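Below: one structure, written as structure tokens.
In our numbering, the protein residues as written are 62 to 478.
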């Protein structure tokens, strides 16, 4: 039995995801596909367009055999922690042979070489990163420029222009973090990459059948119909979207503005510093400009600088909203990172896969959240409670926007198709 792991958001599931899924099975000769999927809040610091349970159905109906939730502590975190936690879940299942991710470059050898350098962290590279940080660059930009200088100085790669593009593309960066996590954990899981088709991550065009999730979300935020998206998503996904459009989706970051600004009213700059990703003066800018705005997107535009990127600020604000603090996050990092496996859904015909996981998995498997609340202890309990809180807040927003009540994680059973 061969198993491939995918690390996904499916926000929403589209034709590019279908291509990636099918190609992943093909190049790894996998019998089963496991998707590690973010819940209701995502890595760039946004709410999911569509709730986690509906996206689970999309995944299962399009070829995924088992969907496992990535805890919100990590699903909203930086690329490094997002990747570390996802790989840790795959490692602990004990049956995963390979992981396959999309990338702009499609060059697994180059991505692996970059990853090895970052894991080994030579002193020259450390100094270069420190120098660029001192010039006011954000950490991702500083690291990217330092790597370019390092490769030039070492004569390790002749096409520097190509390398610069590799280091400036979001899926390449995530891929590097996945490989780093595999190397650091001495994992037996083999990495594979598939070149992204047609569109880039930030391309907002929906003219071609394979459009980016960014493009689909942009269309939904600026239009009052979904019919033009029919060519961009599988038929079953479009059927699901049609069923729930303006009933429980689309959900956007600004839909949470009232909740966030109410919280910001009661916070001092010092208190803001306690939240994950709020540091280095960011708290002062958030505090100052929160008095002038009533939308999250407007606040981010006012707060951002060369050092504080849009995504970094968005992520910091979502951590304030979800009450995710640095101290709590550090406790998780200091111990086991992942404490349980939580199923969101699986296919009936995947019983062999589930049996093998049960025999080989090194962590508790949660299929009943109510029971888990009575059995877990901290920090595992705190991790689960944060996921429940995130879902409750998401559902509250959906209820206010659409007058639709979604099931909580305590009442929603995992999906079986």
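For every residue, glycine included, the Cβ atom is placed at its ideal position computed from N, Cα and C.
As the structure is a computational prediction, the values presented were derived from the model and not from experiment.
- Item | Where the beta strand (DSSP E) containing residue 380 begins and where it ends | The count along the chain shown starts at 1 and reaches residue 380 at position 319. Run containing residue 380: none in the beta strand (DSSP E); it sits in the alpha helix (DSSP H), 371-382.
- Can you list, in chain order, the stretches of the alpha helix (DSSP H) that have 4 or more residues and sit fully within the region 89-129? Complete alpha helix (DSSP H) runs here, min 4: 113-122.
- Task: With distances taken Cα to Cα, identify the nearest neighbour of residue 167 among 465, 252, 291.
- Result: Position 106 of the chain shown, counted from the start, is the residue given in the question as residue 167. Here the closest residue by C-alpha is 252.
- Message: Pull the bridge partners of residue 81 from the DSSP assignment, please.
- Response: Residue numbering aside, residue 81 sits at position 20 when the chain shown is read from its first letter. Beta-bridge analysis with DSSP links residue 81 to no other residue.
- Message: Within 10 Å of its beta-carbon, does residue 408 have 16 or more other beta-carbons around it, so buried, or fewer, so exposed?
- Response: Looking up residue 408 in the chain shown gives position 347. Buried, by the Cβ-count rule.
- Closest by C-alpha distance to residue 109, when choosing among 295, 227, 229, 74: As a working mapping, residue 109 is identified with position 48 in the chain shown. Put simply, of 295, 227, 229, 74 the residue whose alpha carbon is nearest the alpha carbon of residue 109 is 74.
- For residue 472, does the three-state DSSP call read helix, strand or coil? Within the chain shown, residue 472 is the residue found at index 411, counting from 1. Here DSSP, grouped into helix, strand and coil, assigns residue 472 to coil.
- How would you label residue 438, buried or exposed, when you count the other beta carbons within 10 angstroms and need 16 or more for buried? For the purposes of this step, residue 438 is taken as the residue at position 377 of the chain shown. Residue 438 comes out exposed.
- So, is residue 397 buried or exposed, given that buried needs 16 or more other C-beta atoms within 10 angstroms? For the purposes of this step, residue 397 is taken as the residue at position 336 of the chain shown. Residue 397 is exposed by the Cβ-count criterion.
- Query: What's the C-alpha gap between residue 447 and residue 376?
  - Reply: Locating residue 447 in the chain shown gives position 386, counting from the first residue. Locating residue 376 in the chain shown gives position 315, counting from the first residue. Looking at the two C-alpha atoms, the distance is approximately 16 Å.
- Query: Sorted by chain position, which residues of the same chain lie with C-beta nearer than 7 Å to residue 390's C-beta, five sequence neighbours on each side aside?
  - Reply: In the chain shown, the residue the question calls residue 390 occupies position 329. Closer than 7 Å at the Cβ level, and outside the excluded window around residue 390, lie 134, 337.
- Item | Simplified DSSP state of residue 363, which is helix, strand or coil | Numbered from 1 along the chain shown, position 302 holds the residue referred to as residue 363. Of the three classes helix, strand and coil, the one that applies to residue 363 here is helix, per DSSP.
- Using three-state DSSP, classify residue 253 as helix, strand or coil. As a first step, residue 253 must be located in the chain shown, where it is residue number 192. Residue 253 falls in the strand class under three-state DSSP.
- Message: Does chain C have any CB closer than 9 Å to the CB of residue 74?
- Response: The chain inventory of the structure shown lacks chain C, comprising one protein chain alone.
- Check each candidate in 122, 278, 380 and name the one with the smallest Cα separation from residue 300. Position 239 of the chain shown, counted from the first residue, corresponds to residue 300. Distances from the CA of residue 300 to each of 122, 278, 380 were compared; the closest alpha carbon is that of 122.
- Item | Inter-residue CB distance, residue 459 and residue 309 (contact presumed, cutoff 8 Å) | Walking along the chain shown from the start, residue 459 turns up at place 398. Walking along the chain shown from the start, residue 309 turns up at place 248. The pair is a contact, with the Cβ atoms about 5 Å apart (cut-off 8 Å).
- Message: Determine whether the beta carbon atoms of residue 468 and residue 456 lie at a separation below 9 Å.
- Response: Position 407 of the chain shown, counting from 1, holds the residue named residue 468. Position 395 of the chain shown, counting from 1, holds the residue named residue 456. Yes, Cβ-Cβ distance for residue 468 and residue 456 is below 9 Å.
- Query: Is the CB-CB distance between residue 214 and residue 182 below 9 Å?
  - Reply: As a first step, residue 214 is located in the chain shown; it is residue number 153 there, counting from the start. As a first step, residue 182 is located in the chain shown; it is residue number 121 there, counting from the start. Contact flag unset, no.
- Query: Quick one, are the C-beta atoms of residue 70 and residue 98 less than 9 Å apart?
  - Reply: Taking the chain shown and counting its residues from 1, the one referred to as residue 70 is at position 9. Taking the chain shown and counting its residues from 1, the one referred to as residue 98 is at position 37. Between residue 70 and residue 98, the C-beta spacing is below 9 Å.
- Jot down the residue ranges of each uninterrupted alpha helix (DSSP H) in the region 265-310, minimum 4 residues, whole runs only, in chain order. Taking only runs of at least 4 residues, the alpha helix (DSSP H) segments lying wholly in the region 265-310 are 274-283, 296-305.
- Query: So, helix, strand or coil for residue 138, using DSSP?
  - Reply: For the purposes of this step, residue 138 is identified with residue 77 of the chain shown, where counting begins at 1. Of the three classes helix, strand and coil, the one that applies to residue 138 here is coil, per DSSP.
- Message: Count Cβ pairs between the region 81-91 and the region 157-173 that sit closer than 8 Å; are there 3 or more?
- Response: Flag = yes, the region 81-91 and the region 157-173 touch.
- In this structure, does DSSP put residue 64 in helix, strand or coil? Residue mapping note: residue 64 aligns to position 3 of the chain shown, counting from 1. In the three-state DSSP reduction, residue 64 falls in the strand class (E or B).
- Query: Looking only at C-alpha atoms, which of 476, 348, 368 sits nearest to residue 328?
  - Reply: Numbered from 1 along the chain shown, position 267 holds the residue referred to as residue 328. Residue 348 holds the alpha-carbon nearest to the alpha-carbon of residue 328 among 476, 348, 368.
- Mind the definition here: the region 281-290 touches the region 423-438 only if three or more C-beta pairs lie below 8 Å; say whether that holds. Touching, no, given that fewer than three Cβ pairs across the two stretches are closer than 8 Å.
- Going by DSSP, name the residue or residues bridged to residue 406. In the chain shown, counting from the first residue as 1, residue 406 sits at position 345. In the DSSP output, where bridge partners are listed per residue, residue 406 has 128, 476.
- Task: Please determine if the region 194-209 and the region 224-240 are in contact, where contact requires at least 3 C-beta pairs separated by less than 8 Å.
- Result: Contact between the region 194-209 and the region 224-240 is present: 3 or more CB-CB pairs across the two stretches fall below 8 Å.
- Message: What does the alpha-carbon distance come out to for the pair residue 292 and residue 344?
- Response: Counting from 1 along the chain shown, the entry for residue 292 is found at position 231. Counting from 1 along the chain shown, the entry for residue 344 is found at position 283. So the two alpha carbons sit approximately 43 Å from each other.
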